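K.L.:
Numbering (my numbering), first residue to last: 30 to 342.
Structure provided below as structure tokens; questions to follow.
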Amino acid sequence: MKIHILILNYNGADLLKAYLPSFIAATGVSKHSCRVSIIDNNSADDSFNVVESFQGKVGWIGLKDNRVLCAYNEAALALDDDVLILMNNDIRVDENFVDPLVGRFENDQNIFMVTPRCMSIDDSLYEGSRTRGGLRYGVYWSSARFPWHEEGIFRTGKTLQAGFGAFDRKKFLALNGYDDLYLPGRLEDADICFRAYKRGWMCLYEPASVVYHAGGVSFHKRFGAKKTLVINWRNTFLFMLKNLSTASTLWRFLFWLPLRLIYSLVTFRTEFILGLLAAIPLAPRAYRGRIALKKEGFFSGVPDRVIFKESCP
30 MKIHILILNY NGADLLKAYL PSFIAATGVS KHSCRVSIID NNSADDSFNV VESFQGKVGW
90 IGLKDNRVLC AYNEAALALD DDVLILMNND IRVDENFVDP LVGRFENDQN IFMVTPRCMS
150 IDDSLYEGSR TRGGLRYGVY WSSARFPWHE EGIFRTGKTL QAGFGAFDRK KFLALNGYDD
210 LYLPGRLEDA DICFRAYKRG WMCLYEPASV VYHAGGVSFH KRFGAKKTLV INWRNTFLFM
270 LKNLSTASTL WRFLFWLPLR LIYSLVTFRT EFILGLLAAI PLAPRAYRGR IALKKEGFFS
330 GVPDRVIFKE SCP
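In structure tokens:
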């Protein structure tokens, strides 16, 4: 199988300098034909020169605009590799991380994505990649730290979603990649994995593959903690409008909405309210996405409750 590691970058010269050597080492250890490239979202720093310093060991795919995760869509169309390992520039990898991911595709043609075990950059804490989700107090939620998650850290199984991992390129393109509805980011990974499950494909967690994450450095550096939460809430509402199919979801949302609004005001945690307001102008676009999915038979696929229940048993 042909494997291509694609590392998303935006003004991350220091991160590339620190973590790229681990990816280069991993390509040398893998039994597969494996290469690594940077997808650069129009950086203004020294990123290109850093990549050039590795003397041809790392490819460069430069884009004119910052498309965040949607930059992967353009790259996937231009490449012919079987599996794309999509990573961010704030990740360091174990040198043996490639083959455990790719091996799952060799054994099952129904797999869409395989994600590694993610540790903190100093290897002291488990950050996640085995994710559970559903509806809580009327809105969609997902977390890698659900109750008793510790029992599954070293166990292979399904995961609801993941922000990075190995993807079947053809299936990725069949889903039209990441939806730019969610730009500048947050929940686009939930969206594409949910759509994959609706088609009957699987997203897996493989703890034998290990990566180390510096923790959303690029995104938080650009937007700050408060605006990041606002964007997260905005995209949560858009995700629900576009993808969730049952009438009970709407009624639960409407029932809990006044209580959530009051709680946000009383506690001065206004990100929920600001996110809801920010979602309103994009709601027609999300609804058009819903109509397009309906025409594809999306809502007659695997039921939402089954996805939430079985994606991380």
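The beta carbon of each residue, even a glycine, is placed where N, CA and C say it ideally should be.
Since this is a predicted model, take the numbers as computed values, not measurements.
Would you grab the beta carbon distance between residue 140 and residue 197 for me? Rounded to a whole angstrom, and I think it's under 8 Å.
P.N.:
Contact holds; Cβ gap of about 7 Å.
K.L.:
Taking residue 204 as the reference, which of 180, 307, 142 and 151 has the closest Cα?
P.N.:
The shortest Cα separation from residue 204 among 180, 307, 142 and 151 belongs to 142.
K.L.:
Is it right to say residue 57 is buried, meaning 16 or more other beta carbons lie within 10 angstroms of its own, or is it exposed?
P.N.:
Under this definition residue 57 is an exposed residue.
K.L.:
Quick check: what's the CA-CA separation for residue 5 versus residue 107?
P.N.:
Any question about residue 5 goes unanswered here, given that the chain covers just 30 to 342.
K.L.:
Going straight from the alpha carbon of residue 346 to that of residue 339, what length do you get?
P.N.:
In this structure the chain extends from 30 to 342, so residue 346 is not present and cannot be described.
K.L.:
Do the CB positions of residue 133 and residue 240 come within less than 8 Å of each other?
P.N.:
No, Cβ-Cβ distance for residue 133 and residue 240 is not below 8 Å.
K.L.:
What does the Cβ neighbour count give for residue 284, buried or exposed, with the cut at 16 atoms within 10 Å?
P.N.:
So residue 284 ends up on the exposed side.
K.L.:
Tell me the DSSP bridge mates of residue 269?
P.N.:
DSSP, once it has assigned bridges, lists no residue as partnering residue 269.
K.L.:
Buried or exposed, going by whether 16 or more other CB atoms sit within 10 Å of the CB of residue 323?
P.N.:
Exposed, because fewer than 16 other Cβ atoms sit within 10 Å of the Cβ of residue 323.
K.L.:
Quick one: residues in its chain with C-beta nearer than 7 Å to the C-beta of residue 192, no 5 flanking neighbours on either side, listed in chain order?
P.N.:
Within the same chain, residue 192 has close Cβ partners 218.
K.L.:
Any contact of the stretch 296–313 with the stretch 267–284, i.e. 3+ C-beta pairs under 8 Å?
P.N.:
Counting Cβ pairs under 8 Å, three or more are found: they touch.
K.L.:
Mapping DSSP to helix, strand and coil, what is residue 309?
P.N.:
Of the three classes helix, strand and coil, the one that applies to residue 309 here is helix, per DSSP.
K.L.:
Taking the alpha carbon of residue 220 as the point to measure from, which residue in 235, 252, 273 and 194 has its own alpha carbon closest?
P.N.:
Of the candidates 235, 252, 273 and 194, the one whose C-alpha sits nearest the C-alpha of residue 220 is 273.
K.L.:
Around the Cβ of residue 85, are there at least 16 other Cβ atoms within 10 angstroms (buried) or fewer (exposed)?
P.N.:
Residue 85 comes out exposed.
K.L.:
How long is the line joining the alpha carbons of residue 53 and residue 117, rounded to whole angstroms?
P.N.:
Rounded to the nearest angstrom, the two C-alpha atoms are 15 Å apart.
K.L.:
Output the boundary residues of the alpha helix (DSSP H) element that contains residue 64.
P.N.:
Per DSSP, residue 64 belongs to no alpha helix (DSSP H); it is in the beta strand (DSSP E), 62–69.
K.L.:
Mapping DSSP to helix, strand and coil, what is residue 341?
P.N.:
Residue 341: coil per DSSP, three-state reduction.
K.L.:
Quick check for students: name the residue ranges of the beta strand (DSSP E) that lie wholly in the stretch 129–207, counting only runs of 3 or more.
P.N.:
With a minimum length of 3 residues, the continuous beta strand (DSSP E) runs that stay inside the stretch 129–207 are 140–149, 155–157, 161–165, 168–172 and 194–197.
K.L.:
Counting along the chain, where does the alpha helix (DSSP H) carrying residue 222 start and finish?
P.N.:
Where residue 222 is concerned, the enclosing alpha helix (DSSP H) stretches over 217–227.
K.L.:
Beta carbon of residue 352, beta carbon of residue 200: below 8 Å?
P.N.:
Since the first residue shown for the chain is 30 and the last is 342, residue 352 is missing from the structure and cannot be characterised.
K.L.:
Locate the alpha helix (DSSP H) running through residue 58, then write down its first and last residues.
P.N.:
That run of the alpha helix (DSSP H) goes 42–58.
K.L.:
How long is the line joining the alpha carbons of residue 372 and residue 227, rounded to whole angstroms?
P.N.:
The structure shown does not extend to residue 372, since the chain is modelled only from 30 through 342, so no value can be given for it.
K.L.:
Ordered along the chain, which non-local residues of its own chain (more than five positions away) have a Cβ less than 7 Å from that of residue 126?
P.N.:
Within the same chain, residue 126 has close Cβ partners 55, 145, 238, 239 and 240.
K.L.:
Considering only DSSP beta bridges, list what residue 232 is partnered with.
P.N.:
According to DSSP, residue 232 bridges with 142.
K.L.:
With a threshold of 16 other CB atoms inside 10 Å of the CB of residue 234, please say whether the residue is buried or exposed.
P.N.:
Buried, since its Cβ has 16 or more Cβ neighbours within 10 Å.
K.L.:
Within 10 angstroms of its Cβ, does residue 207 collect 16 or more other Cβ (buried), or is it exposed?
P.N.:
It is buried - the Cβ of residue 207 has at least 16 other Cβ atoms within 10 Å.
K.L.:
For residue 185, collect the residues of the same chain with a Cβ closer than 8 Å to its Cβ; drop the 5 residues on either side in sequence, then sort them by chain order.
P.N.:
If we look at residue 185 and ignore the five residues flanking it on each side, its Cβ neighbours are 233, 234, 235, 236 and 237.
K.L.:
Terminal residues of the continuous alpha helix (DSSP H) containing residue 294?
P.N.:
Looking at the DSSP string, the run of the alpha helix (DSSP H) that includes residue 294 is 276–295.
K.L.:
Return the CA-CA distance between residue 68 and residue 277, expressed in angstroms with no decimal places.
P.N.:
Spanning the two alpha carbons is a distance of roughly 41 Å.
K.L.:
Rounded to whole angstroms, what is the Cα-Cα separation between residue 110 and residue 63?
P.N.:
One C-alpha to the other measures close to 9 Å.
K.L.:
Do you know how far the Cα of residue 211 is from the Cα of residue 258?
P.N.:
So the two alpha carbons sit approximately 13 Å from each other.
K.L.:
Would you report the Cα separation of residue 343 and residue 244, rounded to the nearest angstrom?
P.N.:
Examination of residue 343 is not possible in this model, given that the chain is present from 30 through 342 alone.
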